[in-house]
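For reference, the structure is listed below as structure tokens.
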């Protein structure tokens with residue numbers, strides 16, 4: 001049976017003005033009634049398939065979004081709702097805004113609008129569900145082949161606010177060839193003595209990284 | 001142990017998930033219509049479970065899988081025992097065993113929301129356990145047996161003698177089916193102060209197992225409701241089915257009418273209802289017999 005018949009949605013407000021959030025909730029009302037398509041608004045990342053993000057991301061919400069994304073079981077898709085979540089919108093130049101949701105997690109569908117119309121939102125989720133189906137098939141194939149199509153090693157590093165560094169943010173899902181190469185490299189490396197793990201290194205120098213990021217941003221302004 | 005018994009158990013194991021899933025779908029459609037929405041398709045629960053099966057299962061610890069699986073197994077065992085015509089008391093004891101296993105599954109995860117859900121589930125059990133035991137006792141008073149097989153061969157329906165127990169049981173069913181005034185431990189319907197309570201840390205296949213166990217549970221509960229109406233006459237089964245439909249509709253209606261209550265209110269209300277209806281009924285039976 002198709003996964004697209006019951007996409008469960010998790011909604012997170014990055015730092016929006018709440019306009020888009022109200023529209024997200026409006027899709028649940030009798031007028032739009034997204035439950036027709038089996039869509040349920042869950043509050044639980046472990047049950048969710050689709051992550052709806054609203055508002056531009058800032059340094060405080062970035063680790064939360066990342067953690068929510070990491071907690072969601074595969075296959076999963078991310079929908080950026082509203083222009084702020086797409087690329088920062090009118091808040092783009094603000095000192096605390098990192099940019100759209102794609103600076104933090106890989107976004108699959110961009111739904112622009114200020115605020116986003118419920119109809120557009122529903123269409124976005126329906127598009128996302130199509131991608132979800134593709135990802136599910138890909139996951140199946142990759143499970144057979146023995147490697148994963150998504151590289152999580154980059155994402156698991158910055159879990160807390162302190163060690164978040166926008167400089168080495170997550171940008172995109174790697175291509176299949178790149179992953180295969182990476183997997184082969186890992187297999188080669190595992191034959192040799194184990195390489196230094198990434199996580200402790202990042203955790204050891206959290207404060208300087210954050211400071212550096214701040215000054216970097218500040219410098220740009222000046 | 002005869003061949004009919006085995007056939008009934010097999011029928012239960014095969015058909016209960018289908019029936020339970022359909023009931024769950026009907027529940028969702030009814031709820032939507034009561035709120036002026038179109039609602040999901042009737043087969044939505046099946047779509048949900050098949051999706052959950054195909055998703056990645058993240059497991060907090062390995063013991064969680066054991067507990068969730070044994071929750072399903074115990075629930076199936078309970079229903080099989082009931083539909084095979086076994087001992088009513090044993091049915092209810094096995095039922096509480098399955099609930100305890102689910103609570104253990106939630107406790108084992110160490111997540112704050114799971115633990116909160118598990119604690120509330122224990123409180124809910126405290127509310128409905130006395131009633132389930134009283135139902136078994138009530139049937140004994142009415143027909144002089146604990147065996148479901150013999151209870152089903154009564155001359156007059158049990159409800160004629162134990163209407164108080166029936167009211168108490170229907171009330172307690174609200175807790176058992178996780179309906180709104182008392183869905184403290186799982187928070188259905190988007191009230192999310194505790195995320196998803198008991199099932200917060202379950203995902204993918206594990207959550208699907210819990211859903212399937214709940215389908216079995218619904219069928220068992222409806223079976224017990226039907227027991228109040230079944231007599232030796234075959235036509236009484238029709239009456240029992242109608243009664244089940246009415247009770248199920250009533251539960252959905254109440255689910256949509258009432259907001260959730262705090263646990264103290266739940267304790268007070270359920271115990272008062274049990275005491276007033278089932279207790280009075282028990283007293284009258286005691287005096288008459």
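Residue numbers (the numbering used here), protein chains in the order written: chain B, 1 to 222; chain S, 1 to 289.
All residues carry an ideal CB built from backbone N, CA and C; glycine is no exception.
Can you pull the chain S residues whose beta carbon is under 8 Å from the beta carbon of residue i, in chain order?
i, result
"residue 136 of chain B", "54"
"residue 118 of chain B", "Under the 8 Å cutoff, chain S gives no residues; its nearest Cβ is about 14 Å from residue 118 of chain B."
What residues from chain B crowd round residue i, counting only those whose CB sits closer than 7 Å?
i, result
"residue 47 of chain S", "1, 5, 6, 38"
"residue 37 of chain S", "30, 33, 35"
"residue 32 of chain S", "35"
"residue 58 of chain S", "46, 73"
"residue 40 of chain S", "35, 36, 38"
"residue 44 of chain S", "6, 38"
Across which residues does DSSP place residue i in a beta bridge pair?
i, result
"residue 33 of chain B", "Answer is none; residue 33 of chain B lacks a bridge partner."
"residue 40 of chain B", "B:8"
"residue 110 of chain S", "DSSP output for residue 110 of chain S lists no bridge partner at all."
"residue 57 of chain B", "B:99"
"residue 108 of chain B", "According to DSSP, residue 108 of chain B bridges with nothing at all."
"residue 87 of chain S", "S:147"
"residue 13 of chain B", "B:54"
"residue 80 of chain B", "B:53, B:110"
Who are the neighbours of residue i on chain B, taking C-beta pairs under 8 Å?
i, result
"residue 98 of chain S", "Result: empty, since nearest Cβ-Cβ is about 22 Å, beyond 8 Å."
"residue 185 of chain S", "Those do not exist, as residue 185 of chain S stays about 14 Å from chain B at its closest Cβ, beyond 8 Å."
"residue 201 of chain S", "46"
"residue 204 of chain S", "73"
"residue 176 of chain S", "Neighbours of residue 176 of chain S on chain B: none; closest Cβ ~22 Å, over 8 Å."
At the level of alpha carbons, what is the spacing between residue i and residue j?
i, j, result
"residue 163 of chain S", "residue 184 of chain S", "27 Å"
"residue 109 of chain B", "residue 102 of chain B", "10 Å"
"residue 142 of chain S", "residue 29 of chain S", "37 Å"
"residue 262 of chain S", "residue 137 of chain B", "45 Å"
"residue 173 of chain S", "residue 71 of chain B", "34 Å"
"residue 92 of chain B", "residue 8 of chain B", "30 Å"
"residue 167 of chain B", "residue 52 of chain B", "Note that residue 167 of chain B has pLDDT 49, beneath the 50 cutoff, so the model's placement of it is unreliable and the number below is only indicative. If you take the alpha carbons of residue 167 of chain B and residue 52 of chain B, they lie about 24 Å apart."
"residue 206 of chain S", "residue 46 of chain B", "11 Å"
"residue 113 of chain S", "residue 72 of chain S", "22 Å"
"residue 195 of chain S", "residue 186 of chain S", "8 Å"
"residue 8 of chain S", "residue 16 of chain S", "11 Å"
"residue 158 of chain S", "residue 64 of chain B", "57 Å"
"residue 61 of chain S", "residue 153 of chain S", "47 Å"
"residue 175 of chain S", "residue 267 of chain S", "11 Å"
"residue 259 of chain S", "residue 239 of chain S", "32 Å"
"residue 12 of chain B", "residue 54 of chain B", "7 Å"
"residue 171 of chain S", "residue 255 of chain S", "12 Å"
"residue 252 of chain S", "residue 181 of chain S", "11 Å"
"residue 241 of chain S", "residue 69 of chain B", "46 Å"
"residue 96 of chain S", "residue 264 of chain S", "21 Å"
"residue 210 of chain S", "residue 99 of chain S", "11 Å"
"residue 58 of chain B", "residue 22 of chain B", "20 Å"
"residue 213 of chain S", "residue 279 of chain S", "31 Å"
"residue 16 of chain B", "residue 61 of chain B", "11 Å"
"residue 169 of chain S", "residue 144 of chain S", "19 Å"
"residue 75 of chain B", "residue 42 of chain B", "16 Å"
"residue 120 of chain S", "residue 257 of chain S", "22 Å"
"residue 222 of chain S", "residue 229 of chain S", "11 Å"
"residue 106 of chain B", "residue 133 of chain S", "54 Å"
"residue 97 of chain B", "residue 67 of chain B", "18 Å"
"residue 104 of chain B", "residue 37 of chain S", "36 Å"
What residues from chain S crowd round residue i, counting only those whose CB sits closer than 7 Å?
i, result
"residue 108 of chain B", "Within 7 Å Cβ-Cβ: nothing; residue 108 of chain B doesn't reach chain S, min ~17 Å."
List, in order along the chain, the chain B residues whose C-beta lies closer than 9 Å to that of residue i?
i, result
"residue 69 of chain S", "By Cβ distance, chain B contributes nothing, its closest Cβ being about 18 Å from residue 69 of chain S, past 9 Å."
"residue 207 of chain S", "46, 47"
Cβ of residue i within 8 Å of any heavy atom in the ligand GDP?
i, result
"residue 253 of chain S", "No copy of the ligand GDP occurs in the structure displayed, which carries no ligand at all."
Q: Determine, using beta-carbon pairs with one atom in the stretch 107–124 of chain S and one in the stretch 77–91 of chain S, whether at least three such pairs fall under 8 Å.
A: no
Three Cβ pairs or more, each shorter than 8 Å: is that satisfied between the stretch 41–60 of chain S and the stretch 15–22 of chain S? yes
key: At least 3 beta-carbon pairs within less than 8 Å: the stretch 79–88 of chain B vs the stretch 65–80 of chain S   = no
* To do: Within the stretch 149–195 of chain S, note down every full alpha helix (DSSP H) run reaching 4 residues or more, in order along the chain.
  => 163–176
- Do the stretch 240–248 of chain S and the stretch 86–104 of chain S make contact, defined as three or more Cβ pairs closer than 8 Å? no
Self-check item: Sufficient close CB pairs (3 or more, under 8 Å) joining the stretch 124–141 of chain S to the stretch 204–223 of chain S
Solution: no
Requested in this report: Please go through the stretch 27–61 of chain S and give each complete alpha helix (DSSP H) segment of 4 or more residues, from N-terminal end onward.
Outcome: 44–54
Alpha helix (DSSP H) runs wholly inside the stretch 204–264 of chain S, at least 4 long, in chain order = 205–227, 236–257
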